[in-house]
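These notes concern the structure reproduced below.
Numbering (my numbering), first residue to last: 4 to 320.
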């Protein structure tokens, strides 16, 4: 048998425990097996390392020498392992920053803000096509920083430990054909749309359908959904052609020939929130990221005539 590090650990354990039985319990092996192992080690080293005592075992003079040197060897080995791991981490390139968020302009805004702050850091952006997928990511460890929409009617429940901060409040507007009978109004009552045909963009993409249904029911009617499953662009084109009306967040779509009008009382709202993991490489930069995203959003909506009049009230503290 050749003496190995694990054998030195066994001898050290027995010496520290002062008993074969106690050492066997700590090592979670049978006492007979430990006794046989110690005997084989002693045979390989050429002499007894322990002598029996009324309370257990004690080190012989040879045993004292072996244990003292074993402690040095084991300590040096532990230091070797730890220092090697540290150096290996230093040699590895930093992991890519994982950004996540829904389809739409605000996720690219977040990705762009991070790129400005950390231009030399690799970045991976995951655009989620469904609220279910976004929830799955937020409940996993597969992201460093993300953005998501929080709607009163369908709140997102985040796991404990994540840090959040409000970005902006967004109000959904009603999309109408420019020739629609209500297109010239500055604001529309939801009840005035009871007899309209609606196109509902795919709920998995828009996140608006549930809130819209609840708001319509409160206004006294159920929306007559003649067209379903369209993506945002297709829904906007159907509105432009006069086939239906729809609800949109103005930052998400702009189509010539379609107008966006606010609803009286703004019943369709969401809060866009920034969320990050406490161990994220961006945790210390959250304030700067927040400021940059808000500024980018401000630039976008200031160019949008629907938003220009009320921008100042949309920025959350």
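Think of the CB as a built atom: it goes at the ideal place given N, C-alpha and C, for glycine as much as any other residue.
Bear in mind that the values here come from a model prediction, so they are computed numbers and not experimental data.
Span separating the alpha-carbon of residue 240 from that of residue 152: Rounded to whole angstroms, residue 240 to residue 152 spans 25 Å at the Cα level.
Nonlocal neighbours in the same chain, by C-beta distance under 7 Å from residue 270, ignoring five residues either side: In its chain, beyond the 5 residues on either side, 193, 218 have a beta carbon closer than 7 Å to the beta carbon of residue 270.
Straight-line Cα distance separating residue 174 from residue 289: Between the C-alpha atoms of residue 289 and residue 174 there is a straight-line separation of about 25 Å.
DSSP three-state assignment for residue 292, whether helix, strand or coil: Residue 292: helix per DSSP, three-state reduction.
Selected residue, minimal CA-CA separation from residue 122, among 221, 100, 140, 130: Cα-wise, what sits closest to residue 122 is 100.
Limits of the beta strand (DSSP E) - the one that residue 167 falls within: From DSSP, the beta strand (DSSP E) with residue 167 extends over 166-174.
Status (buried if at least 16 other CB within 10 Å, exposed otherwise) for residue 273: A residue is called buried once 16 or more other Cβ atoms fall within 10 Å of its Cβ, and residue 273 is buried on that count.
Residues that DSSP places opposite residue 191 in a beta bridge: DSSP output for residue 191 lists 266 as bridge partner(s).
Coil, strand or helix - residue 43 by DSSP: DSSP places residue 43 in helix when its eight states are reduced to three.
Ranges of the alpha helix (DSSP H) found wholly within the segment 126-154, counting only runs of at least 4: As far as the segment 126-154 is concerned, its whole alpha helix (DSSP H) runs of at least 4 residues are 134-141.
Cβ-Cβ distance between residue 252 and residue 211 below 9 Å: Yes, Cβ-Cβ distance for residue 252 and residue 211 is below 9 Å.
Residue 228 - partner residues in DSSP beta bridges: DSSP lists 201 as partners of residue 228.
For residue 43 and residue 28, the rounded distance between their alpha carbons: C-alpha separation (whole angstroms): 20 Å.
Minimum C-alpha distance to residue 23 - residue among 225, 59, 296: The closest CA to that of residue 23, considering only 225, 59, 296, is found on 59.
Cutoff 7 Å; reference residue 126; Cβ partners in own chain excluding five residues on either side: Same-chain partners within the cutoff: 99, 100, 102, 114, 117, 118.
Nearest neighbour of residue 76, chosen from 248, 9, 284 [CA to CA]: Ranking the options by Cα distance to residue 76, first place goes to 9.
Sequence-distant residues of its chain with Cβ nearer than 6 Å to residue 51 (five each side left out): Taking residue 51 as the centre and dropping the five residues before and after it, the same chain places the C-beta of 45, 63 closer than 6 Å to its C-beta, in chain order.
Residue 120 versus residue 298 - alpha carbon distance: Approximately 14 Å between the Cα atoms of the pair.
Supposed close pair residue 130, residue 106 - CB separation, criterion 8 Å: Residue 106 and residue 130 do touch by the CB rule: their CB atoms are close to 6 Å apart, below 8 Å.
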